[in-house]
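Worksheet: the structure to be examined is printed underneath.
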Amino acid sequence: MHLRKTLMAHVWAQLVLVVAIIVLANLWASRSFVRMDLTHDRVYSLDLHTRALMYKLDKPLLAKVYFSGGLQAPYNNHEQALVDKLEDLRAYSKGLMDVEVTDPTNVKELEAEAKRFGIEPIQYRYQSSNVTEMKKVFMGVALVYGDRQEVLPAVTRVESLEYELARAVKRLVADEGPRTIGWTVSNGEPDLLTGGGPLQRIREAIVQEYNLQGVVLGGVDGVPDEVDALFVVGPQRPLSDRALYQLDQFVMRGGSLAVFVTNTKADLRTLRPQTIFHGLEPLMGHYGVRINRDVVVDRQRNGQMRFPVRQGRQVVQMPVNYPLIPRATVLDQDSPVTKGLDSMLFPFASSLDVSEDLPEEVTSTVLVASSDAGGRIRGIRTIDPTAYKVVAPGEERGSWPLVVGLSGTFRSLYADRAVPPPPDEGGDSAPAAAKIRESAPARLVVAGSADFVANNVSFMLNLADWLVQDEALISIRSKSVQVPSLDPLTADQSRNWKLVNMFGGTGLLMLLGFVRWLRRRATGGYVDPSAPVEDAA
39 MHLRKTLMAH
49 VWAQLVLVVA
59 IIVLANLWAS
69 RSFVRMDLTH
79 DRVYSLDLHT
89 RALMYKLDKP
99 LLAKVYFSGG
109 LQAPYNNHEQ
119 ALVDKLEDLR
129 AYSKGLMDVE
139 VTDPTNVKEL
149 EAEAKRFGIE
159 PIQYRYQSSN
169 VTEMKKVFMG
179 VALVYGDRQE
189 VLPAVTRVES
199 LEYELARAVK
209 RLVADEGPRT
219 IGWTVSNGEP
229 DLLTGGGPLQ
239 RIREAIVQEY
249 NLQGVVLGGV
259 DGVPDEVDAL
269 FVVGPQRPLS
279 DRALYQLDQF
289 VMRGGSLAVF
299 VTNTKADLRT
309 LRPQTIFHGL
319 EPLMGHYGVR
329 INRDVVVDRQ
339 RNGQMRFPVR
349 QGRQVVQMPV
359 NYPLIPRATV
369 LDQDSPVTKG
379 LDSMLFPFAS
389 SLDVSEDLPE
399 EVTSTVLVAS
409 SDAGGRIRGI
419 RTIDPTAYKV
429 VAPGEERGSW
439 PLVVGLSGTF
449 RSLYADRAVP
459 PPPDEGGDSA
469 PAAAKIRESA
479 PARLVVAGSA
489 DFVANNVSFM
499 LNLADWLVQD
509 EALISIRSKS
519 VQVPSLDPLT
529 ADQSRNWKLV
539 NMFGGTGLLM
549 LLGFVRWLRR
559 RATGGYVDPS
569 APVEDAA
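In this text, residue positions in the sequence shown follow the numbering used here: the first is 39, and each later residue adds one.
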């Protein structure tokens with residue numbers, strides 16, 4: 039009887055302890071947030087920079103979700119993905135964030151409320167078994183923070199959802215206005231301010247976070263004081279000495295400069311190369327980067343280009359794998375600019391060389407390089423793809439830098455030179471005291487291809503953030519589920535894998551049999567068939 043009471047006491051004690059543990063665990067879980075994310079870039083967990091933004095909240099933040107229900111693929115899971123991400127943000131908001139979800143469809147008051155926040159209905163194609171029609175649906179969210187508000191009017195992609203929300207929160211909690219990025223427009227460069235296609239995508243992404251301003255070089259005024267970072271992309275005419283001086287002084291005052299130049303342009307009509315002189319070699323060489331007059335070639339990893347091909351009596355444009363558009367796969371994964379990117383196309387790229395005698399206060403990084411299977415050719419005479427099927431005479435084989443980044447304090451090219459005068463003026467345009475001879479901490483990026491810009495929008499957006507030293511958004515934007523590309527095997531690699539397939543399985547079985555034979559012999563389990571058998575009698 040006594041034993042039975044003791045066992046019952048133990049049972050009740052265990053039950054009380056289990057209940058207490060469950061209650062305490064729930065109390066702890068309600069105040070804490072833990073998630074296991076085994077993906078490579080932790081794409082399903084908030085980035086540390088996103089969490090840091092939520093810690094900056096000092097007053098209530100309300101997320102009002104206006105999302106129509108019953109949507110079909112590919113939008114059927116978008117509302118849940120948005121709400122889940124907002125709940126993640128709320129978990130790190132110190133209790134200052136709340137989330138409201140509403141379906142405003144066919145409710146005039148709610149539709150009017152959504153429109154007041156800037157969330158307009160978008161066209162949506164609804165299809166059932168017997169009807170197909172166009173509907174207007176709501177798929178947006180408004181973030182209200184005191185007297186400020188930000189809006190995502192249409193959540194049509196979930197891959198970049200964390201970046202879009204983090205950028206909106208960053209604008210809400212920012213204590214200063216947006217920075218300014220300049221784009222030179224005075225020497226035949228493509229105009230980012232009006233260009234279409236990839237340039238339009240770059241422009242639309244930049245203006246969401248920064249001010250964008252066109253910059254004219256070579257005149258009386260230099261780069262405007264409000265410009266924090268400056269892009270010089272593909273000048274078609276040589277920059278004047280005055281323009282180079284203005285770029286130099288921009289770097290001297292601590293500005294961030296990105297230079298993308300093309301030395302060779304294709305003429306598809308004559309299939310001959312055109313040489314471009316931009317005049318930036320002296321300035322870049324002074325800072326420590328030499329832009330070579332060559333073309334990088336890669337016959338194994340490359341992009342495509344359309345060439346006229348005769349078919350019967352007609353000439354049609356056909357895509358051709360083109361060695362003069364190398365696909366660079368050697369990217370610095372430690373740099374926030376290239377981290378998370380897989381490969382990049384570099385049409386008609388020139389190689390770069392970094393000086394071995396850089397000042398101690400200047401650090402350099404090769405952000406992108408061509409593959410070891412590539413080479414570089416000086417003085418090409420044709421752009422015909424058939425001319426580059428085999429290694430050309432004088433071609434240098436190896437991997438070559440294509441994009442280089444430098445950081446530190448630089449000495450002015452014009453430290454011991456006179457200030458170049460503006461056009462139609464004589465003498466120095468500014469007193470000697472106005473000239474800066476040594477820079478504040480600055481950043482410089484040099485690339486040997488201007489056509490590369492339009493082919494690598496993600497890189498350009500990362501670079502814009504890095505140049506203005508706003509690196510938090512880069513790590514958030516680069517988070518995505520990516521399928522690594524398959525690189526072609528070399529002849530040696532292909533031969534080695536064939537040998538493994540042919541003899542690997544047999545060799546492994548033979549090795550296992552040999553190991554088993556050794557173990558049986560060591561343990562006495564081995565019987566020599568030639569040994570005489572003793573008579574049991």
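A virtual CB, placed ideally from N, CA and C, is assigned to each residue, including glycine. Remember, it's a predicted structure, so these values are computed and weren't measured experimentally.
Identified DSSP bridge partners for ASN340: PRO364
Contacts around GLU319, its chain only, beta-carbon distance under 8 Å, and the 5 residues preceding and following it disregarded: ARG328, ILE329
Cβ-based burial, LYS97 [other Cβ within 10 Å; buried from 16]: exposed
Of the residues VAL223, ILE240, LYS208, the one placed nearest ARG275, counting alpha carbons only: VAL223
Span of the beta strand (DSSP E) around PRO664: Because the chain is modelled from 39 through 575, residue 664 falls outside the range shown and cannot be assessed.
DSSP bridge partner residues for GLU188 (one or two, in chain order): LEU181
Of the listed residues PRO423, TYR93, ARG128, nearest to ALA304 (C-alpha basis): PRO423
Expected contact under 8 Å - CB spacing of TYR283 and PHE448 to nearest Å: With 8 Å as the limit, TYR283 and PHE448 do not qualify as a contact, their Cβ atoms being about 14 Å apart.
Contiguous alpha helix (DSSP H) assignments of at least 4 residues, all confined to the region 134 to 168: 146 to 154
Terminal residues of the alpha helix (DSSP H) in which SER537 lies: Correcting the residue type first, residue 537 is Leu in the shown sequence and not Ser. Counting along the chain, the alpha helix (DSSP H) containing LEU537 begins and ends at 529 to 560.
Ranges of the alpha helix (DSSP H) found wholly within the region 390 to 422, counting only runs of at least 4: none
Nearest neighbour of PRO385, chosen from MET322, PHE298, PRO374 [CA to CA]: PHE298
Residues bridged to THR302 (per DSSP): THR313
Whole-Å CB distance - VAL265 paired with THR218, under 8 Å assumed: 5 Å
Neighbour-count burial assignment, LYS536, 16 or more Cβ in a 10 Å radius: exposed
LEU268 versus GLN118, ARG455, GLN507, residue with shortest Cα-Cα distance: GLN507
Classification of LEU181 by the beta-carbon crowding that lies within 10 angstroms, buried from 16 upward: buried
Cβ contact (3+ pairs, closer than 8 Å) linking the region 432 to 452 and the region 405 to 422: yes
Check whether VAL193 and LEU109 have beta carbons under 8 Å apart: no
Inter-residue Cα distance where the pair is ALA472 and LEU99: 47 Å
Host alpha helix (DSSP H) of VAL121 (start-end): 116 to 129
Supposed close pair LEU65, ASP126 - CB separation, criterion 8 Å: Going by Cβ atoms, the distance from LEU65 to ASP126 rounds to 21 Å, so no, they are not a contact pair.
Assigned exposure category for VAL519 - 16 Cβ within 10 Å defines buried: Residue confidence for VAL519 is low, a pLDDT of 46 falling below 50, so the modelled location carries little weight; the figure read from the coordinates is stated next. So VAL519 ends up on the exposed side.
ALA407 versus ASP391: straight-line alpha-carbon distance, rounded: 11 Å
C-alpha gap between GLU188 and HIS316, whole angstroms: 42 Å
Top-ranked residue by Cα proximity to VAL312, from ASP332, GLY293, PRO461, GLY323: Note that residue 312 is Gln in the sequence shown, not Val. When only C-alpha atoms are compared, the closest one is ASP332.
Beta-carbon gap between VAL404 and PRO439 smaller than 8 Å: yes
Sheet register partners of PHE176 (DSSP bridge): According to DSSP, PHE176 bridges with nothing at all.
Same chain only: Cβ atoms within 7 Å of ALA460, ignoring 5 sequence neighbours per side: In the sequence under discussion, the amino acid at residue 460 is Pro, which differs from the Ala named in the question. Excluding residues within five positions, the ones whose Cβ falls inside 7 Å are GLY257, VAL258, ARG280, SER467.
Simplified DSSP assignment, three categories, for GLY446: strand
Nearest candidate by alpha-carbon position, reference GLY156, set LEU190, VAL137, LYS132, VAL139: LEU190
LEU499 and ALA243 closer than 8 Å at C-beta: yes
The beta strand (DSSP E) enclosing ASP332, as first and last residue numbers: 332 to 335
Whole-angstrom C-beta distance between HIS116 and VAL196, which should lie under 8 Å: 6 Å
Whole-angstrom C-beta distance between ASN493 and LEU369, which should lie under 8 Å: With a Cβ gap of about 14 Å, LEU369 and ASN493 do not count as contacting.
Residue span of the beta strand (DSSP E) that contains PHE497, given as start and end: Per DSSP, PHE497 belongs to no beta strand (DSSP E); it is in the alpha helix (DSSP H), 495 to 505.
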